[in-house]
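Q: Chains as they are written, first to last, in my numbering: chain A, 1 to 235; chain B, 236 to 330.
Cβ coordinates follow ideal geometry from the N, Cα and C atoms, glycine included.
Since the structure is predicted, the reported quantities are computational estimates derived from the model, not experimental observations.
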Amino acid sequence: MEHHPSKWAFVVFSGIVMVMLTIFSIMATRNPQKRPGKLQNLAELLYEFFENLTVSVVGDHGRKFTPLIGTLFLFILSCNLIGLVPASVAPTASLNITLALALIVFVYVQYIGIRSNGLAGYLGHFAGAGKVPVYMAPLLFVIELISELTKPVSLSIRLFGNMFGKEQVMLALILAFGVPALKYFIPFPVQLPILLFGVLVAFVQAFVFSLLTGIYLGLMTEHEAHHGHEDAHAH
Amino acid sequence: MDTGVGLYLLGLALATGLGLPIAVIGAGMGQGRAAAGALEGMARQPEMAGRIQTGMILSLAIIESLVIFALVIFFMLSGKLPAVTDLVSELQKLK
């Protein structure tokens with residue numbers, strides 16, 4: 001297994017992705033016009049897509065989470081896709097990068113949970129307050145705590161495993177068939193089907209990561225949604 | 236080479252080779268059921284297709300993540316398997 005890229009490669013390529021996304025957003029929003037140009041149009045289209053996604057997952061009160069979910073989607077998608085460019089690696093094929101992203105989501109979800117429910121409501125949420133009998137609360141609290149702590153693990157390993165697995169499968173195919181074929185001067189791209197699959201996986205995994213972020217946020221702010229409904233009924 | 240090491244290598248090789256396919260069989264059946272249910276729902280209620288599709292992708296991803304865990308374990312285990320040439324030279328040294 002001496003085919004791993006240097007550990008700095010992941011950092012460098014995630015930096016490249018960050019710079020590209022920053023330049024794109026600055027260029028697209030620097031000088032907003034009433035009749036949008038090409039870049040502004042694209043940015044508006046993307047924002048609308050993320051807003052619809054967030055509202056459909058979190059609910060109407062979740063509109064404020066659009067920037068987080070959109071940023072995660074764009075960053076992960078770009079990280080996944082840059083790995084398909086020859087001589088580059090996907091930063092998301094490193095567990096360090098995906099764990100960092102998952103921890104951002106984890107901390108933010110807890111923060112939102114405490115802020116929207118209060119500390120007592122936040123702890124009560126774990127104990128299933130108002131949904132289960134009181135004697136079940138201690139058991140449920142432990143189970144919910146474990147399931148909450150598993151979320152960043154599964155979130156990060158899912159993304160990492162998909163990207164890393166794709167690269168390893170490609171490597172194995174090239175070493176097993178591509179390199180021997182080269183001996184007979186037949187350049188045979190055996191990794192091509194996996195590359196096509198990789199494009200699909202890049203989109204799906206970015207989508208799943210941001211969707212799950214939205215669902216976790218939605219679970220933490222359920223009670224806000226009920227308030228929203230009550231307000232709507234009252235008015 | 237004593238029997239213990241041989242048994243260990245045998246177990247390692249079997250676990251590496253069979254662990255992932257078993258996970259894939261289970262997840263394949265699960266994903267097939269999930270996709271079939273979602274598509275049936277979409278065919279019955281085309282107006283709900285968007286929401287069903289979101290749910291389908293989500294559940295497929297969650298099922299798939301189990302296979303991905305198995306895949307990560309597979310890579311960890313396959314790194315522990317000795318290369319065949321090393322094994323052969325080791326055995327010849329013993330003779």
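#1: Can you find the residues in the same chain that come closer than 8 Å, C-beta to C-beta, to S25 of chain A, ignoring five residues on each side of it along the sequence?
#2: Counting only beta-carbon atoms, is V17 of chain A nearer than 9 Å to chain B?
#3: With a threshold of 9 Å between beta-carbons, can F49 of chain A be considered close to chain B, or not?
#4: Distance check for N96 of chain A and P152 of chain A, CA to CA, integer angstroms please.
#5: Does the beta-carbon distance from L84 of chain A to A90 of chain A come in below 9 Å?
#6: Chain A beta carbons: is any one of them nearer than 9 Å to that of A250 of chain B?
#7: Using a Cβ-Cβ cut-off of less than 8 Å, give me the residues of the region 145-171 of chain A that come near chain B, in sequence order.
#8: Does the separation of the CB atoms of M18 of chain A and F75 of chain A fall below 9 Å?
#9: Under a three-way DSSP split, which group does I82 of chain A fall into?
#10: Below 9 Å between beta carbons is the criterion; list the residues of the region 276-297 of chain B that meet it against any residue of chain C, in chain order.
#11: If we call anything under 9 Å between Cβ atoms a contact, is L316 of chain B one with L247 of chain B?
#12: In chain order, what residues of the same chain have a beta carbon less than 7 Å from the beta carbon of E51 of chain A, not counting five sequence neighbours either side?
#13: Throw me the rounded Cβ distance for the G70 of chain A and M220 of chain A pair, which I believe falls under 8 Å.
#14: Check this for me: beta carbons of I104 of chain A and I16 of chain A, under 9 Å apart or not?
#15: Cα separation between E230 of chain A and H223 of chain A?
#16: Listed from N- to C-terminal order along the chain, which residues in the region 302-320 of chain B have their beta-carbon within a distance smaller than 7 Å of any beta-carbon of chain A?
#17: Just to confirm the assignment, what range does the alpha helix (DSSP H) spanning P91 of chain A have?
#18: Closer than 9 Å by beta-carbon distance: list the chain B residues that pair up with S56 of chain A, in chain order.
#19: Measuring only between beta-carbons, confirm whether S324 of chain B sits less than 9 Å from chain A.
#20: For I157 of chain A, tell me which candidate among B:L322, B:A318 and B:E299 has the shortest Cα-Cα distance.
#21: Measuring alpha carbon to alpha carbon, tell me which residue in B:L306, B:Q280, B:P281 and B:L245 is nearest A262 of chain B.
#22: Tell me which same chain residues have a C-beta within less than 7 Å of the C-beta of G218 of chain A, skipping the five on either side of it?
#23: Quick one: does Q33 of chain A have its CB under 9 Å from some CB of chain B?
#24: Is there a Cβ of chain B sitting closer than 9 Å to that of F65 of chain A, yes or no?
A: According to the data block:
#1: If you number the first sequence from 1, residue 25 of chain A lands on position 25. Taken in chain order, the residues that qualify are A43.
#2: Within the first sequence, numbered from 1, the residue matching residue 17 of chain A stands at position 17. Cβ-Cβ to chain B under 9 Å: no for V17 of chain A.
#3: Working through the first sequence from its first residue, we reach residue 49 of chain A at position 49. Not closer than 9 Å to any Cβ of chain B, the Cβ of F49 of chain A fails to qualify, so no.
#4: In the first sequence, counting from the first residue as 1, residue 152 of chain A sits at position 152. In the first sequence, counting from the first residue as 1, residue 96 of chain A sits at position 96. About 12 Å.
#5: As a position in the first sequence, residue 84 of chain A is number 84, starting the count at 1. As a position in the first sequence, residue 90 of chain A is number 90, starting the count at 1. Going by C-beta atoms, L84 of chain A is nearer than 9 Å to A90 of chain A.
#6: Residue numbering aside, residue 250 of chain B sits at position 15 when the second sequence is read from its first letter. So no, A250 of chain B is outside the interface.
#7: S154, I157, R158, F160, G161, N162, F164, G165 and Q168
#8: As a working note, residue 18 of chain A is residue 18 in the first sequence. As a working note, residue 75 of chain A is residue 75 in the first sequence. Against a cut-off of 9 Å, the Cβ pair of F75 of chain A and M18 of chain A comes out as a contact.
#9: Within the first sequence, residue 82 of chain A is the residue found at index 82, counting from 1. Three-state DSSP puts I82 of chain A in a helix.
#10: The structure shown contains no chain C; the protein chains it does contain are A and B.
#11: If you number the second sequence from 1, residue 316 of chain B lands on position 81. If you number the second sequence from 1, residue 247 of chain B lands on position 12. The answer is yes: Cβ separation under 9 Å.
#12: The residue you call residue 51 of chain A lines up with position 51 of the first sequence. Taken in chain order, the residues that qualify are R63 and T66.
#13: Translated into positions along the first sequence, residue 70 of chain A becomes position 70. Translated into positions along the first sequence, residue 220 of chain A becomes position 220. Not quite, the Cβ-Cβ distance comes to about 19 Å (not below 8 Å), so this is no contact.
#14: Indexing the first sequence from 1 puts residue 104 of chain A at position 104. Indexing the first sequence from 1 puts residue 16 of chain A at position 16. Cβ distance not < 9 Å, so I104 of chain A and I16 of chain A don't count as in contact.
#15: Numbered from its first residue, the first sequence carries residue 230 of chain A at position 230. Numbered from its first residue, the first sequence carries residue 223 of chain A at position 223. For E230 of chain A, the pLDDT reaches just 46, beneath the cut-off of 50, and the residue's location in the model is therefore unreliable, leaving the point undetermined.
#16: I303, F304, L306, V307, F310 and G314
#17: For this step, residue 91 of chain A is matched to residue 91 along the first sequence. Note, P91 of chain A: premise wrong, no alpha helix (DSSP H); not H, not E.
#18: Locating residue 56 of chain A in the first sequence gives position 56, where the first residue counts as 1. Going along chain B in sequence order, the residues near S56 of chain A (Cβ under 9 Å) are G285, R286 and T289.
#19: Taking the first residue of the second sequence as position 1, residue 324 of chain B is located at position 89. No, its Cβ sits nowhere closer than 9 Å to a Cβ of chain A.
#20: The residue labelled residue 157 of chain A in the question sits at position 157 within the first sequence. The residue with the shortest Cα to Cα distance from I157 of chain A is B:E299.
#21: For the purposes of this step, residue 262 of chain B is taken as residue 27 along the second sequence, with counting starting at 1. Cα-wise, what sits closest to A262 of chain B is B:L306.
#22: For this step, residue 218 of chain A is matched to residue 218 along the first sequence. For G218 of chain A, where only same-chain residues beyond five positions count, the Cβ hits under 7 Å are V57, V58, G59 and G62.
#23: Here residue 33 of chain A is taken as the residue at index 33 of the first sequence, counted from 1. So no, Q33 of chain A is outside the interface.
#24: On the first sequence, residue 65 of chain A is found 65 positions in, with the first residue counted as 1. Answer no: the Cβ-Cβ gap between F65 of chain A and chain B never drops below 9 Å.
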